[in-house]
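Residue numbers (full-length UniProt numbering): 1 to 665. Scroll down for the structure; my scribbles are underneath it.
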Amino acid sequence: MPPRPHLPARASVPRVGPGARSARPLRALRRVRTPLAALPPWLSHALRAQRGPVPWNAVTRGALAAGPLLLVSVLTGRTSLGVVAAIAAMLAGINDRPGSRRTAVRRLGTPALAGAAGLLAGTAAGDHLGAVALTVVLTGLGVLAGAMSAVGPVASAAGTQLLVASAIGAGMPVPEAGWARALAFLAGAGWLLALRLVLPTPGSMAGDFRFDGEREAVAAVYDAVAELLDAAGTDRAVARRAALTAALDHAQDALAGPRLRPRAGSAAERRLHAQYAAALPLAEAATALAWAGEPLSGRASTGPRRLAAAVRAHTHTGPLPAPTRSAPALRALDDALLHAADAFDQGDGGALHTRRRGARDLLRAASGAGGREFGLRIGLSFGAAVAVAQALNHAQWYGRHTHWYWLPATAVFLVKPDLGPLVSRALCRAAGTVLGALLFAGLAAVLPRPEGLVALVALCGALIPASTRHFAAQTAVVTVLVLSLVMVGGEPQACVSRIAETLLACAIVLIVGHLPMPGPRGGQVRVRLAAAADAAHAYLTHVLDGTEGLDGRAARWTLRREAYRALAEARTAIALAAHELPAVARHTEGTDEVAAVLERLVDTITACAVHLDDTGRLTARHREELAALLGEAEAKRRRVGLRAPVPGPPAAGRSRPASGTASVG
């Protein structure tokens, strides 16, 4: 690559501390009063919808999943198994989110296996146990699945399908044996997964079918770096740094899944990994520049944007404009651009800088405070719904019916704490069910049977991916689909009972979900926040005492990724808890302030790392910022009663040696 011109050094501008930068956006948010902001948090969340483009690829897959499966089963005379397969395809469609093919294997496949196991367990329990014993068994299963949900998003989806399928297996009147139901369930989910793996997507760039979401995810990281550089010295820097963290998390997930073709095209895959790894020092330098608070020339962000375009087009980068090398972070940015250009031209693999969690880590997450809280809340709600459903099913005044499993299955979707605030989901579920039932009643009166209902199932399957942006819309679509399956199975219209049992499930989870639980409330928030504090501590320790050289930097990037990822997970848990009813939300008050301080601390540690690489010493400003943030984090931790240790202040004159010589800033 030809030598790049360097810009002359610019006159410095007054520095702005990270504390002042993070305070201004918050004050600006408080001045903006929108109609939703004027409502209570638990109500405004129910009215807020996600934004984004329509996932047309997922819409196509949804149209080709449940409807065709049901049509084949009707034509072959195995309608009941087709209904089970369509339900599995519907549940897989809910999990069919944007991402790469390799992540889809885990995101769709793991819950499908859990659902098949739940269907087997539920069928066996329903065939051999009475009402009381069945309630006890399903309650225990709810506790287990609830604890699983604290492990992560994929485990949470697996726990959801485990409970829903167990209720269906115990209550749905299907003549086939349990193993046949389980195979039909796997076939339905497997069909959608096969469509995800086989059908091309617009993300399959440069004619390379193997990569769909991976290239776009890596390119988005370079775009996020450029946007952070543009925002340096402005109030937008904090939000842009958070967006960079999200982009890195998404790219890391996209590349971390199984290799679908481990031999063919491995060179292209190694190069893509190298391009991701090359973005990490760029992200580090950009974070350090944002921390410094000095506005940068637009030339600084041109290089990352050209790198993003090269990833998308699968081409060479060409000459990259160089930033000025007047400060340690700018020199780090320039060096990172040179390293990235080399990785793009000759890249031969790169680490994802993530540590895989073992069985012991997963067990610790499930059995910890967050897992226990999830397990009790979900298990009691699921068990209470099963008990009420069994009581109504055997009550002479209510009349025996064949859909008692709707009640516990609905409770599962409502009570999962990681899926959203409880009241918000209950309101959306009730509104969506009423709307969907009324819509289906009108359609069922005019559609021919069964072909019209099969077409309606296909339409609803296509609408599920687009409706996931709001829970009420998703509920309405799912309600129409489920009621269509009921009628295709030969049963009468069940709109009224669907509405009644959904409202009853909402009442059950609102009561049980707000009962006092053993131990402190907000356990999952505290667990996530404690993990973020521990990650920040490990990152700080390594930066001040870590190994030099490439191995040391690789370990540092891994710790940095873990710290920012843990903070993002803590922020998500805190935001969900803040939108609960005040009686529940008060248990996590102040935790957002702890997370904000930890984020500023990790930003400062990153700036220290970049400065130490260049000079081998910390300046007085770095040491003062570290000491102030560590003290503030300790004070806020004590205020909210967080038990996990927050990193203690470093020694006043401590610094890392540069070129083998220790020096003090």
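Positions of the beta carbon are idealized from the N, C-alpha and C atoms, including for glycine. Quantities reported herein were computed from a predicted structural model and do not represent experimental measurements.
Report the three-state DSSP secondary structure of residue i (helix, strand or coil).
i, result
"Ala322", "strand"
"Gln161", "helix"
"Gln50", "coil"
"Glu294", "coil"
"Ala38", "coil"
"Pro153", "helix"
"Thr76", "coil"
"Met517", "coil"
"Arg215", "helix"
"Arg331", "helix"
"Glu176", "coil"
"His316", "coil"
"Thr354", "coil"
"Arg372", "helix"
"Gly552", "helix"
"Gly383", "helix"
"Asp96", "coil"
"Leu629", "helix"
"Ser619", "Note that residue 619 is Thr in the sequence shown, not Ser. Thr619 falls in the coil class under three-state DSSP."
"Gly169", "helix"
"Pro200", "coil"
"Ala194", "helix"
Specify, as a first and last residue, the run of the alpha helix (DSSP H) that residue i falls within.
i, result
"His128", "101-128"
"Glu580", "Neither: Glu580 is in no alpha helix (DSSP H) and is coded neither H nor E."
"Gln524", "523-545"
"Asn57", "56-63"
"Val136", "131-148"
"Thr302", "299-313"
"Val597", "591-615"
"Gly641", "Careful: Gly641 lies outside any alpha helix (DSSP H) and carries neither H nor E."
"Asp361", "359-367"
"His250", "237-256"
Quick check on residue i: buried or exposed, where buried means 16 or more other Cβ atoms within 10 Å of its Cβ?
i, result
"Pro200", "exposed"
"Leu75", "exposed"
"Ala359", "exposed"
"Ala343", "buried"
"Arg215", "buried"
"Pro516", "exposed"
"Arg241", "buried"
"His394", "exposed"
"Ile511", "exposed"
"Glu580", "buried"
"Glu451", "exposed"
"Asp361", "exposed"
"Ala442", "Looking at the sequence shown, residue 442 is not Ala but Gly. The residue is exposed, with fewer than 16 neighbouring Cβ atoms inside 10 Å."
"Gln50", "exposed"
"Leu363", "exposed"
"Gly641", "exposed"
Go through its chain and collect everything with a Cβ distance to residue i's Cβ below 7 Å, but skip five positions before and after it.
i, result
"Thr499", "Sequence check: residue 499 is Ile here, not Thr. Here the set comprises Thr433, Val434, Ala437."
"Asp334", "Ala322, Pro323, Arg325"
"Gly171", "Gly126, Trp404, Tyr405"
"Leu192", "Arg61, Ala65, Ala89, Ala92, Gly93, Asp96, Leu108"
"Leu71", "Val454"
"Ala310", "His316, Thr317, Phe344"
If you drop the 5 nearest sequence neighbours on each side, which residues of the same chain put their C-beta closer than 6 Å to that of residue i?
i, result
"Thr302", "Pro321"
"Gly62", "Gly93, Gly461, Ala462, Ile464, Pro465"
"Leu162", "Ala114, Gly118, Ala145"
"Gly152", "none"
"Gly368", "Val527"
"Gly525", "Looking at the sequence provided, one finds Val at residue 525 rather than Gly. Ala573, Ile574, Ala577, Thr588, Thr591, listed in sequence order."
"Leu296", "Leu229, Ala232"
"Met487", "Leu453"
"Leu197", "Arg101"
"Ala224", "Ala243, Leu244, Ala247"
"Ala476", "Gly432, Leu435, Gly436"
"Val509", "Ser381, Ala411, Leu414, Val415"
"Val164", "Ala409, Val412"
"Leu26", "Low per-residue confidence applies at Leu26: pLDDT is 32, beneath 50, and the placement is therefore not dependable, though the value from the model is reported in the following sentence. Closer than 6 Å at Cβ, skipping near neighbours: no residue."
With a threshold of 8 Å on Cβ separation, who are the neighbours of residue i within its own chain once the five nearest residues in sequence on each side are excluded?
i, result
"His339", "Ala278, Pro281"
"Arg312", "Met205, Arg215, Glu216, Ala219"
"His514", "Leu422, Leu581, Ala583, Val584"
"Arg305", "Tyr222, Asp223, Ala226"
Extract the residue ranges of the beta strand (DSSP E) inside the UniProt domain "Integral membrane bound transporter" (385-512), only unbroken runs of 3 or more that lie entirely within it. none
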